[in-house]
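The block underneath contains the structure these notes are about, expressed in structure tokens.
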Amino acid sequence: MRKTRILPALAAATLVAACGVQPTGVVPAGPGPSIRATSGAKGLGGTTLYFVSEGRVIPVTRPSESYISAEGAITMLLKGPTEREAAQGLTTFIPPGLDRIAVYPGDPSSLALPFSVRKFSNQAINQLICTVIAATTATGRAPNSPGVNVISPSEDVYFQSCKAD
1 MRKTRILPAL
11 AAATLVAACG
21 VQPTGVVPAG
31 PGPSIRATSG
41 AKGLGGTTLY
51 FVSEGRVIPV
61 TRPSESYISA
71 EGAITMLLKG
81 PTEREAAQGL
91 TTFIPPGLDR
101 IAVYPGDPSS
111 LALPFSVRKF
121 SNQAINQLIC
131 TVIAATTATG
141 RAPNSPGVNV
151 ISPSEDVYFQ
161 SCKAD
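To convert, note that position 26 of the sequence shown is 26 in this note's numbering; the numbers rise steadily by one, no gaps.
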């Protein structure tokens, strides 16, 4: 008999608690969560490079058997997207004709450009910076610094963090 009294009381309490709650529409809260592929030997067996898609810098993971240094990742990036990546709409904003950009380890790492940083678009700089950070993080020793020092001839060193989607 006790159960028969509790059940109606719970139902009444539920109805009273729901009074005054109005339905709402969709509330914008920014982009949904995404899973970014990790890189290096400790990740999923890949190296993360950053290319441009629809004006945005995005990560692309290429398979690799082992860890690739930050300088090795930059060398891969300078070669541009593969045919398959290009067919998927990926491109690079890094100026043509670059064959080597030096990367110096440290916390933060440093990226030495062969000419003025003014010749690079924001997307190109972010492709380089984000690729260096991803390759450095792939070692399993995440740097304390969230960015990279950028060095170019006849200019001061400046600090840049990754600004990718």
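We treat Cβ as the ideally placed atom computed from N, Cα and C, and that holds for glycine.
This structure is a prediction, so every number in the text was calculated from the model and none was measured.
I need the straight-line Cα distance from residue i to residue j, nearest angstrom please.
{"i": "Ala112", "j": "Cys130", "result": "15 Å"}
{"i": "Ala124", "j": "Gly106", "result": "22 Å"}
{"i": "Phe120", "j": "Pro63", "result": "28 Å"}
{"i": "Pro59", "j": "Ser154", "result": "31 Å"}
{"i": "Val117", "j": "Asp99", "result": "16 Å"}
{"i": "Met76", "j": "Lys163", "result": "20 Å"}
{"i": "Thr61", "j": "Ile68", "result": "12 Å"}
{"i": "Ile94", "j": "Glu65", "result": "26 Å"}
{"i": "Leu128", "j": "Tyr104", "result": "13 Å"}
{"i": "Gln160", "j": "Ile133", "result": "11 Å"}
{"i": "Val150", "j": "Ser109", "result": "9 Å"}
{"i": "Pro146", "j": "Thr92", "result": "23 Å"}
Apply the 10 Å Cβ neighbour rule to residue i and answer buried if 16 or more other Cβ atoms are within range, or exposed otherwise.
{"i": "Ala138", "result": "buried"}
{"i": "Val157", "result": "exposed"}
{"i": "Gln88", "result": "exposed"}
{"i": "Asn122", "result": "exposed"}
Can you find the residues in the same chain that come closer than 6 Å, C-beta to C-beta, to residue i, ignoring five residues on each side of it along the sequence?
{"i": "Ala135", "result": "Ala70, Ala73"}
{"i": "Asn144", "result": "Asp107"}
On the DSSP bridge list, what partners appear for residue i?
{"i": "Tyr104", "result": "Ser110"}
{"i": "Thr61", "result": "Thr48"}
Once you ignore the five residues that flank residue i on each side, which residues in its own chain have a CB closer than 7 Å to its CB?
{"i": "Arg56", "result": "Asp165"}
{"i": "Ser53", "result": "Gly89, Leu90"}
Flag residue i as yes when its Cβ comes closer than 7 Å to any non-hydrogen atom of the ligand GTP, and as no otherwise.
{"i": "Ala112", "result": "Annotation note on the ligand GTP: not contained in the displayed structure, which lists no ligands."}
Any C-beta of chain B sitting closer than 8 Å to the C-beta of residue i?
{"i": "Leu78", "result": "This model lacks chain B altogether; it includes just one protein chain."}
Can you list, in chain order, the residues of its chain with a C-beta nearer than 8 Å to that of residue i? Leave out the 5 residues immediately preceding and following it.
{"i": "Phe115", "result": "Ser152, Pro153"}
Please confirm if the stretch 75-84 is in contact with the stretch 45-61, defined as three or more CB-CB distances below 8 Å between the two stretches. yes
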